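**Student:**
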Amino acid sequence: MLTAWLIRHGESLANTGHATADPTSIELTPQGYDQAQQIAQFFDLAPTLIVTSPYLRTQATAVPTMERFPHVPQVEWAVQEFTYLSPPRYRNTSIEDRRPAAQSYWINGDPYAIDGEGAESFADFIGRVQQLKSRIAAEETGLVAIFTHETFIQALLWTILTGVTDLDAKQMLKFRIFSGSFSIPNGALVRLEFRSTDIWTSGIETTHLSWFG
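Counting with my numbering, you get residues 2 to 214 for the letters of the sequence shown.
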């Protein structure tokens, strides 16, 4: 059987309200490093593949798991967060600073709009999410540990549950409502099991995190 763990990165400086220069280089907080250790100890069996996004915070979160299982291959896939605001335009800003621009983006509701340099459209983002399902399925058996981001996990769950293929303003709004209805804490994970043509999903698991236990 093929199983995948979708693991949200540990707490980052951006998550605690700090201004950041670029989404790719955001570092973990001390609590984020603790969460990374707790994730590594949660594995009952060694994964067969460890995946990170190109972003530093997923790579740092994966380090304790890679150290615990040094012989497991590690690869980088395009499972990074949805960056819909152009990073050069919002350098050295916090989530709160960017909130008005973020709200305007979602109100506009154009799945093909690109804000500027370094940004991607909603359609491109969902395309990356769909590609991940194919990449996981190609592994055929084993446990794939994927260190990724909250919105990416939410989008993957949304595509599994809805089977959406055509994107328009209405579907974009539906995703916004879906993703706003629940959160995935830093260090939490969701399990996927690939069963023939179906994908089974678990709930959001936090029992390995000390303050949720």
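From the three backbone atoms N, C-alpha and C, an ideal C-beta is built for every residue, glycine too.
Small disclaimer: the values here were computed from a predicted structure and weren't measured.
In three-state DSSP terms, what is residue 105?
**Tutor:** Here residue 105 sits in helix by DSSP.
**Student:** Kindly list the residues whose CB is nearer than 6 Å to the CB of residue 156, restricted to its own chain and excluding five residues on each side of it in sequence; keep chain order.
**Tutor:** 130.
**Student:** Classify residue 196 as helix, strand or coil using the three-state DSSP reduction.
**Tutor:** Residue state, collapsed to three classes: strand.
**Student:** In three-state terms, what does DSSP make of residue 148?
**Tutor:** If DSSP states are grouped into helix, strand and coil, residue 148 belongs with the strands.
**Student:** Here's the rule I'm using: 16 or more other beta-carbon atoms within 10 Å means buried, otherwise exposed. How should residue 113 be labelled?
**Tutor:** Label assigned to residue 113: exposed.
**Student:** Figure out for me which residue from 104, 19, 142, 188 has the closest Cα to the Cα of residue 61.
**Tutor:** Checking every option, the nearest Cα to that of residue 61 belongs to 188.
**Student:** Sorted by chain position, which residues of the same chain lie with C-beta nearer than 8 Å to residue 89's C-beta, five sequence neighbours on each side aside?
**Tutor:** The residues are 117, 118, 119.
**Student:** Let me check you understand the geometry: is the CB of residue 7 closer than 6 Å to at least one non-hydrogen atom of the ligand COA?
**Tutor:** Ligands displayed in this structure: none; no statement on the ligand COA is therefore possible.
**Student:** Do you know offhand how far residue 9's Cα is from residue 204's?
**Tutor:** Roughly 14 Å between the two C-alpha positions.
**Student:** CA-CA distance, residue 141 and residue 70?
**Tutor:** One C-alpha to the other measures close to 21 Å.
**Student:** Going by C-alpha to C-alpha distance, which of 33, 148, 32, 98 sits closest to residue 54?
**Tutor:** Residue 54 has its Cα closest to that of 148, out of 33, 148, 32, 98.
**Student:** At 4 residues or longer, and completely inside the region 147-178: list those alpha helix (DSSP H) runs for me, N to C.
**Tutor:** Runs of the alpha helix (DSSP H) inside the region 147-178: 151-163.
**Student:** Use the C-beta contact count for residue 84: other C-beta atoms within 10 angstroms, 16 or more gives buried, fewer gives exposed.
**Tutor:** By the 10 Å Cβ count, residue 84 comes out buried.
**Student:** The alpha helix (DSSP H) that contains residue 1, what's its start and end?
**Tutor:** The chain is shown only over 2 to 214; residue 1 falls outside these bounds and no answer can be derived.
**Student:** Taking all protein chains shown into account, decide if residue 76 is buried (16 or more other Cβ within 10 angstroms of its Cβ) or exposed.
**Tutor:** Answer is exposed; the Cβ neighbour count stays below 16.
**Student:** What residue does the beta strand (DSSP E) around residue 52 start on, and which one ends it?
**Tutor:** Element bounds for residue 52: 50-53.
**Student:** What are the boundary residues of the beta strand (DSSP E) that residue 3 is part of?
**Tutor:** From DSSP, the beta strand (DSSP E) with residue 3 extends over 3-9.
**Student:** How is the beta strand (DSSP E) around residue 64 delimited, first residue to last?
**Tutor:** Where residue 64 is concerned, there is no enclosing beta strand (DSSP E), although the alpha helix (DSSP H) it sits in stretches over 57-69.
**Student:** Pop quiz: residue 52 and residue 145 are said to be a contact at Cβ under 8 Å. What is the actual Cβ separation, rounded to whole angstroms?
**Tutor:** Confirmed, about 6 Å.
**Student:** Do the region 12-20 and the region 92-108 meet, that is, are 3 or more Cβ pairs less than 8 Å apart?
**Tutor:** Enough Cβ pairs lie closer than 8 Å, so yes.
**Student:** Where does the unbroken alpha helix (DSSP H) through residue 81 begin, and where does it stop?
**Tutor:** Taken as a continuous stretch (DSSP letters only), residue 81 belongs to no alpha helix (DSSP H), as it is neither H nor E.
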